[in-house]
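S.K.: Here it is: the structure, laid out below.
Number of protein chains: 2
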Amino acid sequence: MIDGLERFVNWYGRPVTASPRRLEDPPGAAFLLAALGAHAAARFAERIAALDLTPPQTGLLRAIAATPGQSQQALAQLLGTPASRLVGLVDSLADRGLVERRRNPADRRLHALHLTADGEALAERIEAVGREHDDAILGSLEDEERARLRALLARIAEDQGLTPGVHPGYRRL
Amino acid sequence: MIDGLERFVNWYGRPVTASPRRLEDPPGAAFLLAALGAHAAARFAERIAALDLTPPQTGLLRAIAATPGQSQQALAQLLGTPASRLVGLVDSLADRGLVERRRNPADRRLHALHLTADGEALAERIEAVGREHDDAILGSLEDEERARLRALLARIAEDQGLTPGVHPGYRRL
DNA sequence: TATTGTTATACTCTATAACTATA
DNA sequence: TATAGTTATAGAGTATAACAATA
Chain A
253 MIDGLERFVN WYGRPVTASP RRLEDPPGAA FLLAALGAHA AARFAERIAA
303 LDLTPPQTGL LRAIAATPGQ SQQALAQLLG TPASRLVGLV DSLADRGLVE
353 RRRNPADRRL HALHLTADGE ALAERIEAVG REHDDAILGS LEDEERARLR
403 ALLARIAEDQ GLTPGVHPGY RRL
Chain B
253 MIDGLERFVN WYGRPVTASP RRLEDPPGAA FLLAALGAHA AARFAERIAA
303 LDLTPPQTGL LRAIAATPGQ SQQALAQLLG TPASRLVGLV DSLADRGLVE
353 RRRNPADRRL HALHLTADGE ALAERIEAVG REHDDAILGS LEDEERARLR
403 ALLARIAEDQ GLTPGVHPGY RRL
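So this is what it looks like as structure tokens:
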């Protein structure tokens, strides 16, 4: 406090003399988190667009890579989305020969999802793109800072009950 | 490295023995940032829905509160959205008596935007909701950790060229 | 002719619910 | 009757482009 003036800190950690409601005095760190998260998501979407993939397609492909053989219902539950939404997404990947539906002979209602060889190869490309993306977003941080940030975010994610590896955007807004 | 096995760290910072592509081994911290950001945005949307506001309405109201008297074009530029989109948003706030368009007598094409008394009051409610939201998302962190997280996020936001106080969701995806 | 604000249109994404095929 | 998957429909949100008023 100087001269009775309250002091604030703007987005960038710089002290700012108090004045009624400035755009640089945001509601809080959670807003910063939301803004930065949207930015990161948009930049990632641009990168994977070069692979002709949308973010939901990418997430589904990763989920199938991680847990092959699951039914569409099971995947829908994991991702937190209606099963009807998966149909189109799986179609779009299957049409390109990245994913295949294997009917279960014992219960012909079930479609087990697997990656094809092309799908596996693309999954590895996605991982590489993810690393590039990570460097582009967090490049201004030292390795140690990056690790600290990751640890803090991980704590929050666990506390908030997020499913590891799943973007909550599959759920409503 | 133990026994030639690479070691990974999952979302929650726990070491994980290497195995081919697990959902718990995410592409990187930027993904965690995007996921957590979407979560925070969704939780905030729920809170302000109680004030009968959508996130874009809230952001616009905050922007007008911070820089009153601006034209819609100027605000569109600040928020990074087409001016045509502002029309409906301003309408929705003006119909509720939260915002008013004041014609400029010198140049009757211009509409200067201002908050009404009700709008000012709501802006303060929004700030309070923002603080509650912040506590709900970051409640598991100590004060010092929270400050450190904020500082790291602020560094990234500045490095990435985000406009302080503006959610990039006004821009495309 | 240029600019502010507005309207019209079309497109994308998504959830809900109805439908089919299998059980 | 119940479940997996699919299709149909409808709604929200948004960008693009045409338009009207004013300069």
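Going down the list, the protein sequences come from chains A and B.
Under the numbering used here, think of the first position of the first sequence as 253, with each following residue one higher.
Under the numbering used here, think of the first position of the second sequence as 253, with each following residue one higher.
Don't be surprised by glycine CBs; every beta carbon is placed ideally from N, CA and C.
1. Identify the contact partners of Gly-332(A) in chain B, using a Cβ-Cβ distance below 8 Å as the criterion.
2. Quick one: give me the first and last residue of the alpha helix (DSSP H) that Glu-394(A) is part of.
3. Assign Tyr-264(B) to one of three DSSP states: helix, strand, or coil.
4. Going by DSSP in three states, Arg-423(B) sits in which element: helix, strand or coil?
5. Return the residues of the region 396-408 of chain A that lie within a Cβ-Cβ distance of less than 8 Å from chain B, sorted by chain order.
6. Strictly under 8 Å for the Cβ-Cβ distance: is Pro-420(A) near chain B by that measure?
7. Does the beta carbon of Ile-316(A) sit closer than 8 Å to a beta carbon anywhere in chain B?
8. Buried or exposed: which applies to Ala-270(B), given that a residue is buried once 16 or more other Cβ atoms fall within 10 Å of its Cβ?
9. By Cβ distance, which residues of its chain are closer than 6 Å to Gly-371(B), with the 5 residues on each side in sequence left out?
10. Classify Gln-322(B): buried if its beta carbon has 16 or more other beta carbons within 10 angstroms, exposed otherwise.
11. Below 8 Å, how does it come out for the region 396-408 of chain B and the region 393-402 of chain A: are there three or more Cβ pairs, yes or no?
12. If you run the structure through DSSP and keep just helix, strand and coil, what is Arg-314(B)?
13. What whole-angstrom Cβ distance do Ile-389(A) and Ala-282(B) have, given they're in contact under 8 Å?
14. For a contact meaning CB atoms closer than 8 Å, what does Asp-411(B) contact in chain A?
15. Can you find a CB in chain B that lies within less than 8 Å of the CB of Leu-345(A)?
16. Give the interface partners of Asp-386(A) over in chain B, defined as CB-CB distance under 7 Å, in chain order.
17. In three-state terms, what does DSSP make of Arg-354(A)?
18. Taking Cβ to Cβ, would you say Leu-313(A) is nearer than 8 Å to Ala-375(A)?
19. What residues of chain A sit near His-366(B), judged by a beta carbon separation below 7 Å?
M.R.: The answer reads as follows:
1. The residue labelled residue 332(A) in the question sits at position 80 within the first sequence. Neighbours of Gly-332(A) in chain B, taken as residues at a C-beta separation under 8 Å, are lacking, since the least C-beta distance is about 11 Å.
2. Walking along the first sequence from the start, residue 394(A) turns up at place 142. Segment: none, Glu-394(A) is in no alpha helix (DSSP H) and carries neither H nor E.
3. Residue mapping note: residue 264(B) aligns to position 12 of the second sequence, counting from 1. Bear in mind that a pLDDT of 36 at Tyr-264(B), under 50, signals an unreliable position, so the number given afterwards is only what the model happens to contain. In the structure shown, Tyr-264(B) sits in coil (DSSP, three-state: anything other than H, G, I, E or B).
4. Residue mapping note: residue 423(B) aligns to position 171 of the second sequence, counting from 1. Here Arg-423(B) sits in coil by DSSP.
5. Glu-397, Arg-398, Arg-400, Leu-401, Arg-402, Ala-403, Leu-404, Leu-405, Ala-406, Arg-407 and Ile-408
6. Here the question's residue 420(A) lines up with position 168 in the first sequence. So, interface residue.
7. On the first sequence, position 64 is the one that residue 316(A) refers to. So no, Ile-316(A) is outside the interface.
8. Mapped onto the second sequence, residue 270(B) falls at position 18. Reliability fails at Ala-270(B), whose pLDDT of 34 lies under 50, so the model's placement of it is uncertain and the value that follows must be treated cautiously. That one is exposed.
9. The residue given as residue 371(B) occupies position 119 in the second sequence. Within the same chain, Leu-350 and Val-351 come within 6 Å of Gly-371(B) by CB-CB distance, once the 5 residues on both sides are set aside.
10. If you number the second sequence from 1, residue 322(B) lands on position 70. The C-beta of Gln-322(B) has 16 or more other C-beta atoms within 10 Å across all chains shown, which makes the residue buried.
11. yes
12. Along the second sequence, read from residue 1 onward, the residue named residue 314(B) stands at position 62. The answer is helix: DSSP assigns Arg-314(B) an H, G or I state.
13. Position 137 of the first sequence, counted from the first residue, corresponds to residue 389(A). Position 30 of the second sequence, counted from the first residue, corresponds to residue 282(B). About 4 Å; that satisfies the 8 Å criterion.
14. Here residue 411(B) corresponds to residue number 159 of the second sequence, with the count starting at 1. By Cβ distance, chain A contributes Gly-391 and Ser-392.
15. Taking the first sequence and counting its residues from 1, one reaches residue 345(A) at position 93. No, Leu-345(A) does not count as interfacial toward chain B.
16. The residue given as residue 386(A) occupies position 134 in the first sequence. Neighbours of Asp-386(A) on chain B, chain order: Pro-279, Gly-280, Ala-281 and Ala-282.
17. Taking the first sequence and counting its residues from 1, the one referred to as residue 354(A) is at position 102. Three-state result, Arg-354(A): strand.
18. Looking up residue 313(A) in the first sequence gives position 61. Looking up residue 375(A) in the first sequence gives position 123. Yes, the Cβ-Cβ distance between Leu-313(A) and Ala-375(A) is below 8 Å.
19. By 1-based counting over the second sequence, the position of residue 366(B) is 114. Within chain A, no residue comes near His-366(B); the closest Cβ sits about 13 Å away, beyond 7 Å.
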